[in-house]
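Engineer:
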Amino acid sequence: MEKLMKLRNRIEPRQRWREQGVALITVMLVIALATMLAVSMMRSQHLSLRYADGLFSQNQAMLYTQGSEAFVQDLLIRDFDNDKRENKQVDHPGESWARPFPPFPVEGGMVNARLSDMQGRFNLNLLWHENAVNASAQTYLKQLMKNLDVPENLDSALIDWMDADNEPTGADGAEDDYYSRLPVPYRAANQSLADVSELLLIKGFTPAILERLRPYVCVLPSNALLNVNTAPPQVVRALTDSMTLVGAEELAQNRPADGYPSVDAYLDEPAFNGLEASAREGIKSFLAVRTGHFELSVDAVIGGRHSVLHAVLARGDSGTLRVVTRDYGRQFSSITTSAASLTDMTKTETR
Numbered sequence: 132m133e134k135l136m137k138l139r140n141r142i143e144p145r146q147r148w149r150e151q152g153v154a155l156i157t158v159m160l161v162i163a164l165a166t167m168l169a170v171s172m173m174r175s176q177h178l179s180l181r182y183a184d185g186l187f188s189q190n191q192a193m194l195y196t197q198g199s200e201a202f203v204q205d206l207l208i209r210d211f212d213n214d215k216r217e218n219k220q221v222d223h224p225g226e227s228w229a230r231p232f233p234p235f236p237v238e239g240g241m242v243n244a245r246l247s248d249m250q251g252r253f254n255l256n257l258l259w260h261e262n263a264v265n266a267s268a269q270t271y272l273k274q275l276m277k278n279l280d281v282p283e284n285l286d287s288a289l290i291d292w293m294d295a296d297n298e299p300t301g302a303d304g305a306e307d308d309y310y311s312r313l314p315v316p317y318r319a320a321n322q323s324l325a326d327v328s329e330l331l332l333i334k335g336f337t338p339a340i341l342e343r344l345r346p347y348v349c350v351l352p353s354n355a356l357l358n359v360n361t362a363p364p365q366v367v368r369a370l371t372d373s374m375t376l377v378g379a380e381e382l383a384q385n386r387p388a389d390g391y392p393s394v395d396a397y398l399d400e401p402a403f404n405g406l407e408a409s410a411r412e413g414i415k416s417f418l419a420v421r422t423g424h425f426e427l428s429v430d431a432v433i434g435g436r437h438s439v440l441h442a443v444l445a446r447g448d449s450g451t452l453r454v455v456t457r458d459y460g461r462q463f464s465s466i467t468t469s470a471a472s473l474t475d476m477t478k479t480e481t482r
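Shown next, in the form of structure tokens:
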């Protein structure tokens with residue numbers, strides 16, 4: 132009996148030690164699980180706060196771009212009213228809307244805006260006006276292409292893309308018969324261009340050619356003429372086949388501070404002395420000294436978040452403004468040579 136008591140006294144402490152060990156492990160597991168849960172909750176909350184902060188910054192940046200657009204619209208309306216009051220319907224680089232906007236610091240970031248005259252570039256839709264080819268505009272485009280080392284014969288395919296018939300213009304033209312035999316077949320638009328990137332659908336035009344032309348051409352309604360007061364030297368140079376780039380730069384530098392009051396006053400410059408009367412009248416058919424279409428680009432950065440706005444604004448003869456296109460992101464998203472990708476362009480908002 133005494134031996135059994137001694138054996139029991141030796142076993143019981145071991146059992147109690149084992150039970151205490153199990154309890155300790157259980158407590159440690161509970162603490163570990165609770166810690167993991169707390170860390171997970173803190174991480175989730177941190178991510179939620181970062182997301183909310185980023186979303187707030189993004190929305191704030193977008194509001195700044197919208198505010199910039201409203202400011203520019205007011206600026207253009209006031210410019211029209213000033214011109215009307217002074218009886219000078221002229222748009223030129225010396226006016227307030229044409230001056231570069233300095234970067235504008237705001238709480239938590241910066242806003243950059245740029246407003247440019249779209250009619251300082253050659254409007255490709257001038258080629259096809261009132262169901263006929265504008266021969267003078269065609270001659271101009273061929274000269275512009277030549278100056279930019281772009282094949283001049285591309286004008287034929289461009290005209291075929293816009294005209295209503297199905298007859299190719301010469302050997303370099305292209306109508307439905309050509310496009311329907313491509314690996315991804317489609318048809319000619321048979322209407323005015325909707326965007327410069329549409330050139331990539333036309334026979335002979337490549338991304339490299341498009342990027343070479345892009346700074347000097349635009350796509351607007353066919354009544355939007357080229358403003359000689361805002362056209363850069365490269366655009367001016369193509370008005371005659373004898374003008375050099377240096378001559379065009381001198382012509383731009385000597386432009387009157389208040390711009391040319393009329394196209395005739397512009398064509399009276401010595402640089403155009405060699406023009407025949409018929410050529411002069413032809414050039415006048417697509418020139419102007421006023422502008423009705425403007426391009427606005429705004430980049431707002433708030434808290435590291437960007438909001439980019441590209442908008443085309445149209446100003447009517449009465450001074451009223453309307454937004455033709457508005458794109459948050461990149462204007463007419465990335466350009467490819469695929470017809471399929473070109474149909475999935477942008478989030479442009481039109482109203």
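Residues in the sequence shown are numbered consecutively from 132, following our numbering.
Virtual Cβ for every residue (Gly too), placed ideally from N, Cα, C.
On a predicted model such as this, the values are computed, not experimentally measured, just so you know.
For proline 236, report the span of its beta strand (DSSP E) as first-last.
Structural biologist: Mapped onto the sequence shown, residue 236 falls at position 105. 235-237 is the extent of the beta strand (DSSP E) around proline 236.
Engineer: Would you check if the segment 413-427 and the segment 375-388 touch, i.e. whether three or more CB-CB distances between them fall below 8 Å?
Structural biologist: Contact fails: fewer than three Cβ-Cβ distances are below 8 Å.
Engineer: Mind checking glutamate 329: buried by the 16 CB within 10 Å criterion, or exposed?
Structural biologist: Here residue 329 refers to the residue found at position 198 of the sequence shown. Buried: at least 16 other Cβ atoms inside 10 Å.
Engineer: What whole-angstrom Cβ distance do leucine 357 and asparagine 254 have, given they're in contact under 8 Å?
Structural biologist: Counting from one through the sequence shown, the residue named residue 357 turns up at place 226. Counting from one through the sequence shown, the residue named residue 254 turns up at place 123. About 7 Å; that satisfies the 8 Å criterion.
Engineer: Count the C-beta pairs between the segment 231-244 and the segment 426-435 that are closer than 8 Å, then say yes if the count reaches three, no if not.
Structural biologist: Flag = yes, the segment 231-244 and the segment 426-435 touch.
Engineer: Between which two residues does the beta strand (DSSP E) carrying valine 429 extend?
Structural biologist: Residue mapping note: residue 429 aligns to position 298 of the sequence shown, counting from 1. Here the beta strand (DSSP E) through valine 429 covers 424-433.
Engineer: Pull up the DSSP beta-bridge partners for leucine 357, would you.
Structural biologist: Within the sequence shown, residue 357 is the residue found at index 226, counting from 1. Paired residue(s): Leu418.
Engineer: So for aspartate 458, helix, strand or coil by DSSP?
Structural biologist: Your numbering for residue 458 matches position 327 in the sequence shown. Note: aspartate 458 maps to strand in three-state DSSP.
Engineer: Below 8 Å, can you find three or more Cβ-Cβ pairs linking the segment 198-217 to the segment 408-418?
Structural biologist: Flag = no, the segment 198-217 and the segment 408-418 do not touch.
Engineer: Express the C-alpha separation of proline 364 and serine 428 in angstroms, rounding to a whole number.
Structural biologist: To locate residue 428, count along the sequence shown from 1; it is residue 297. To locate residue 364, count along the sequence shown from 1; it is residue 233. If I take the Cα positions, the gap works out to 23 Å.
Engineer: What distance in whole Å lies between the Cβ atoms of aspartate 286 and glutamine 274, which are believed to be in contact at a cut-off of 8 Å?
Structural biologist: Residue mapping note: residue 274 aligns to position 143 of the sequence shown, counting from 1. Residue mapping note: residue 286 aligns to position 155 of the sequence shown, counting from 1. Contact flag wrong, Cβ pair sits at about 10 Å.
Engineer: Mind reading off the beta-carbon distance from serine 449 to alanine 192? Whole number of angstroms is fine, and I expect it under 8 Å.
Structural biologist: Position 318 of the sequence shown, counted from the start, is the residue given in the question as residue 449. Position 61 of the sequence shown, counted from the start, is the residue given in the question as residue 192. So it is not a contact: roughly 34 Å between Cβ atoms.
Engineer: Between the Cα of alanine 295 and the Cα atoms of Ala244, Lys277, Gly225, Asn321, which residue gives the shortest distance?
Structural biologist: As a working mapping, residue 295 is identified with position 164 in the sequence shown. Taking only the C-alpha atoms, the option nearest alanine 295 is Asn321.
Engineer: Going by other Cβ atoms of all chains shown within 10 Å of its Cβ, with 16 needed for buried, is asparagine 404 buried or exposed?
Structural biologist: Locating residue 404 in the sequence shown gives position 273, counting from the first residue. Under this definition asparagine 404 is an exposed residue.
Engineer: Under the three-state reduction of DSSP, which class applies to asparagine 265: helix, strand or coil?
Structural biologist: For this step, residue 265 is matched to residue 134 along the sequence shown. The answer is coil: DSSP assigns asparagine 265 none of H, G, I, E or B.
Engineer: Flag this pair as yes or no: are the beta carbons of valine 443 and methionine 249 separated by less than 9 Å?
Structural biologist: Taking the first residue of the sequence shown as position 1, residue 443 is located at position 312. Taking the first residue of the sequence shown as position 1, residue 249 is located at position 118. Yes; because the gap between Cβ atoms is below 9 Å, this pair is in contact.
Engineer: On a CA-only basis, which of Ser323, Leu452, His441, Ala419 is nearest glutamine 197? Give me that one, please.
Structural biologist: Within the sequence shown, the letter at position 66 stands for residue 197. Closest by alpha carbon: His441.
Engineer: Helix, strand or coil: which one does DSSP assign to leucine 160?
Structural biologist: Sequence index remark: in the sequence shown, residue 160 carries index 29 (1-based). Residue state, collapsed to three classes: helix.
Engineer: Once DSSP output is grouped into helix, strand and coil, what is the label at glycine 447?
Structural biologist: Numbered from its first residue, the sequence shown carries residue 447 at position 316. Reduced to three states, the DSSP call for glycine 447 is coil.
Engineer: Can you list, in chain order, the residues of its chain whose CB lies under 8 Å from that of arginine 345, leaving out five sequence neighbours each side?
Structural biologist: As a first step, residue 345 is located in the sequence shown; it is residue number 214 there, counting from the start. Within the same chain, arginine 345 has close Cβ partners Val327.
Engineer: Within its chain, find whatever has a CB closer than 7 Å to the CB of alanine 288; leave out the 5 residues flanking it on each side and keep chain order.
Structural biologist: Translated into the one-based positions of the sequence shown, residue 288 becomes position 157. Correct list, in chain order: Asp303, Gly304, Ala305, Ile333, Lys334, Gly335.
Engineer: Between Leu194, Ala229, Asn190, which lies nearest to leucine 104 when the distance is taken from Cα to Cα?
Structural biologist: No answer is possible for residue 104: the residues shown for the chain start at 132 and end at 482.
Engineer: At which residues does the beta strand (DSSP E) containing alanine 244 begin and terminate?
Structural biologist: Counted from its first residue, the sequence shown places residue 244 at position 113. First-last of the beta strand (DSSP E) with alanine 244: 240-248.
Engineer: Under DSSP, the alpha helix (DSSP H) around alanine 379 begins and ends at which residues?
Structural biologist: As a first step, residue 379 must be located in the sequence shown, where it is residue number 248. Where alanine 379 is concerned, the enclosing alpha helix (DSSP H) stretches over 376-384.
Engineer: Quick one: what's serine 438 bridged to in DSSP?
Structural biologist: Reading the sequence shown from its first residue, position 307 is the one you call residue 438. DSSP output for serine 438 lists Ala431 as bridge partner(s).
Engineer: Please confirm whether threonine 361 and glycine 251 have their CB atoms less than 9 Å apart.
Structural biologist: In the sequence shown, residue 361 corresponds to position 230, counting from 1. In the sequence shown, residue 251 corresponds to position 120, counting from 1. Contact flag set, yes.
Engineer: Roughly how many whole angstroms lie between the Cα atoms of phenylalanine 235 and valine 359?
Structural biologist: Within the sequence shown, residue 235 is the residue found at index 104, counting from 1. Within the sequence shown, residue 359 is the residue found at index 228, counting from 1. Approximately 30 Å, taken between the alpha carbons.
Engineer: Can you confirm whether tyrosine 310, when its beta carbon is compared against all beta carbons of chain B, has any partner nearer than 9 Å?
Structural biologist: The chain inventory of the structure shown lacks chain B, comprising one protein chain alone.
Engineer: When you compare only the Cα positions, how much space is there between alanine 396 and aspartate 308?
Structural biologist: Here residue 396 refers to the residue found at position 265 of the sequence shown. Here residue 308 refers to the residue found at position 177 of the sequence shown. Distance between the alpha carbons of alanine 396 and aspartate 308: 46 Å.
Engineer: Going by beta-carbon coordinates alone, are valine 350 and asparagine 265 separated by less than 9 Å?
Structural biologist: As a first step, residue 350 must be located in the sequence shown, where it is residue number 219. As a first step, residue 265 must be located in the sequence shown, where it is residue number 134. Contact: no.
Engineer: Taking the C-alpha atoms as reference points, what is the distance between glycine 225 and proline 316?
Structural biologist: Counting from 1 along the sequence shown, the entry for residue 225 is found at position 94. Counting from 1 along the sequence shown, the entry for residue 316 is found at position 185. The straight-line gap from Cα to Cα measures roughly 48 Å.
Engineer: If you check the beta carbons only, do alanine 244 and serine 199 fall under 9 Å apart?
Structural biologist: Taking the first residue of the sequence shown as position 1, residue 244 is located at position 113. Taking the first residue of the sequence shown as position 1, residue 199 is located at position 68. A contact, by the Cβ cut-off of 9 Å.
Engineer: Do tryptophan 259 and serine 373 have their beta-carbon atoms positioned less than 9 Å apart in this structure?
Structural biologist: By one-based count along the sequence shown, residue 373 stands at place 242. By one-based count along the sequence shown, residue 259 stands at place 128. No. Outside cutoff.
Engineer: Cutting at 7 Å between CB atoms, please list the residues of its own chain near aspartate 210, excluding the five before and the five after it.
Structural biologist: Within the sequence shown, numbered from 1, the residue matching residue 210 stands at position 79. Cβ neighbours of aspartate 210 beyond the five flanking positions: Glu226, Ser227, Trp228.
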